[in-house]
Structures are given as C-alpha cells and as structure tokens.
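Q:
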Amino acid sequence: MTSGSKIRRVREALGGVRLRAALLLALAGLLAAPAWALDLNELMALLAQRRSGEARFTEQRYVRGLDGPLDSAGVLSFVAPDKLVRRTLTPRPESMEVQGNVLILSRGGRTRTLSLDAMPELQGMMEAMRGTLSGNAPALLRYFKADVKGDAKAWTLDLMPTLPALAAQVRSLRLSGIGSDVRGIEMEFIGGDRSVMNIVPGPAGS
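Counting in the numbering used here, the sequence shown runs from 1 upward without gaps.
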C-alpha cells in the first residue's frame with residue numbers, strides 16, 4: 001500500500017515535469033514567433049536614423065512594345081532632409097539632382113533646371129523617395145496612401161497615389177529594405193510600363 005508521503009512526492013514530481021514542459025513550449029513559441037511587425041511611424045523612425053548615404057543601383061525599365069528591359073546603372077546619394085542625386089553611368093552618363101523644389105537635369109554637356117511646383121506628378125515621385133529616405137511620413141501621406149508589411153529585418157512599403165495628377169501616371173510604388181537601408185524600388189505606371197531598381201549601399205567601386 002502506497003503511503004500518503006509517497007503519493008505527494010509523485011504528484012510534486014509530475015507537477016515539476018508539467019511546469020518544465022510548459023516553460024519549454026512557451027520558449028519555443030517565442031523563438032518561432034516572427035519579429036515585431038512595423039507600422040508606418042516605426043518604419044519612418046527607423047529610416048530617419050540615417051541622415052545621408054550613397055549607394056549603387058541597377059535598374060530595369062520594362063516598356064510596352066519592347067522585347068526586353070532597358071538596363072541602366074549608377075550611383076544614388078542622399079542628404080537629409082531633401083537632397084537626392086541620381087548619377088547614371090551606363091548606358092550613357094546623365095544626372096538628376098533634386099534639392100527642395102528644384103530639379104536639375106544634366107546630359108551630354110547640357111543642363112536644364114526645372115521647378116517641381118509646376119509638375120505635381122513628378123514632385124510626388126520625388127517625395128516618395130525623399131520622404132522614405134528621410135523618414136518623413138507627412139511628406140509621403142501628402143501624395144500617397146501607405147501600407148507597411150514586415151519587420152525591421154525585412155520590410156516593404158506600398159504607396160498608392162492619392163493625388164489625381166500623379167495617379168493618372170503612376171499606378172503604384174513599392175519600396176523594400178532591411179533595417180534603415182532601402183534596397184529596392186519598384187514602380188508600375190499606368191499603361192503597363194514598370195521599372196525595378198535594386199540598390200546596394202556603399203559608394204561606387206566598393
């Protein structure tokens with residue numbers, strides 16, 4: 001006949017086993033759970049940590065009627081809050097510099113200066129990039145409806161134009177990144193054209 005003390009010891013031992021099993025299951029659940037999902041403000045705060053940077057890019061532009069993409073490559077640079085420079089090196093040298101509301105285009109030894117105020121659709125596209133790079137949510141929301149997916153390790157920012165002049169030309173933009181680095185920009189245009197840009201942080205030649 002089993003004594004009461006032995007029964008208690010068996011129950012205590014079983015209780016300890018169950019407790020350890022429960023703790024192990026809880027720990028396994030935490031390890032398997034995805035990282036904390038970002039919302040727009042959290043993503044903007046993450047991006048705002050980087051005040052300047054330089055990166056290399058490759059871009060494929062898919063145009064209706066052409067069999068293959070138009071390829072280009074070059075260097076991007078950004079200085080917060082609003083200076084963005086794109087220097088295309090191939091297939092031919094050209095540059096685009098935006099600071100404030102001024103756009104400067106250079107190609108073949110000729111330079112043209114334009115005001116973004118007169119081109120709200122182009123201004124919206126510039127703000128999509130500058131607003132993301134600087135972590136400026138109000139600038140983005142002035143032109144787009146924003147949807148964030150993912151976490152700090154891998155995120156996407158989908159932008160849908162709300163400005164009629166921009167929506168008449170651009171269907172959507174998707175920016176993707178890792179941490180505070182933007183790694184990709186995809187644009188889909190009204191009519192079927194689209195572009196895909198891959199970005200590698202670091203200066204040219206690194």
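A virtual CB, placed ideally from N, CA and C, is assigned to each residue, including glycine.
Being a predicted model, the structure only gives us computed values, none of them experimental.
I want to know whether the region 70-88 touches the region 154-171 - three or more CB-CB distances under 8 Å.
A: no
Q: Can you give the Cα-Cα distance for E186 and N198, rounded to whole angstroms?
A: Taking the sequence shown and counting its residues from 1, one reaches residue 186 at position 186. Taking the sequence shown and counting its residues from 1, one reaches residue 198 at position 198. C-alpha separation (whole angstroms): 9 Å.
Q: I think E94 touches R107, with their Cβ atoms under 8 Å apart; what is that distance to the nearest whole Å?
A: Taking the first residue of the sequence shown as 1, we reach residue 94 at position 94. Taking the first residue of the sequence shown as 1, we reach residue 107 at position 107. Yes, they are in contact, since the Cβ atoms of E94 and R107 sit about 4 Å apart, within 8 Å.
Q: Examine chain D for any beta-carbon lying closer than 8 Å to the beta-carbon of L133, and answer yes or no.
A: The structure shown contains no chain D, having only a single protein chain.
Q: Based on the DSSP output, what are the partners of D151 in its beta bridges?
A: The sequence position of residue 151 within the sequence shown is 151, counting from 1. DSSP lists A37 and A154 as partners of D151.
Q: Considering Cα atoms alone, identify which of P201, D193, L140 and R87 is closest to D67.
A: Sequence index remark: in the sequence shown, residue 67 carries index 67 (1-based). Answer by Cα proximity: D193.
Q: Ordered along the chain, which non-local residues of its own chain (more than five positions away) have a Cβ less than 7 Å from that of A137?
A: If you number the sequence shown from 1, residue 137 lands on position 137. Once the five neighbours on either side are set aside, the close Cβ partners of A137 are L40, N41 and M44.
Q: Can you tell which of F57, L46 and L47 has the C-alpha that lies nearest to the C-alpha of V196?
A: Your numbering for residue 196 matches position 196 in the sequence shown. Nearest option by C-alpha distance: F57.
Q: Comparing alpha-carbon positions, which option in M129, L103 and R130 lies nearest A118?
A: To locate residue 118, count along the sequence shown from 1; it is residue 118. The shortest C-alpha separation from A118 is found at L103.
Q: Determine the contact status of L116 and T132, defining contact as a CB-CB distance below 8 Å.
A: Numbered from 1 along the sequence shown, position 116 holds the residue referred to as residue 116. Numbered from 1 along the sequence shown, position 132 holds the residue referred to as residue 132. Their beta carbons are not under 8 Å apart, which means L116 does not touch T132 by this criterion.
Q: Restricting to Cα atoms, I'd like to know which of E127, K153 and S134 is closest to L173.
A: For the purposes of this step, residue 173 is taken as the residue at position 173 of the sequence shown. The alpha carbon of L173 has as its nearest neighbour, out of E127, K153 and S134, the alpha carbon of E127.
Q: Note down the Cα distance separating G29 from Y143, rounded to an integer number of angstroms.
A: By one-based count along the sequence shown, residue 29 stands at place 29. By one-based count along the sequence shown, residue 143 stands at place 143. Any reading at G29 must be qualified, since the residue scores a pLDDT of 47, below 50, and its modelled position is unreliable; the value itself is stated next. Those two C-alpha atoms are separated by around 40 Å.
Q: Helix, strand or coil: how does DSSP classify Q60 here?
A: Locating residue 60 in the sequence shown gives position 60, counting from the first residue. Correct three-state label for Q60: strand.
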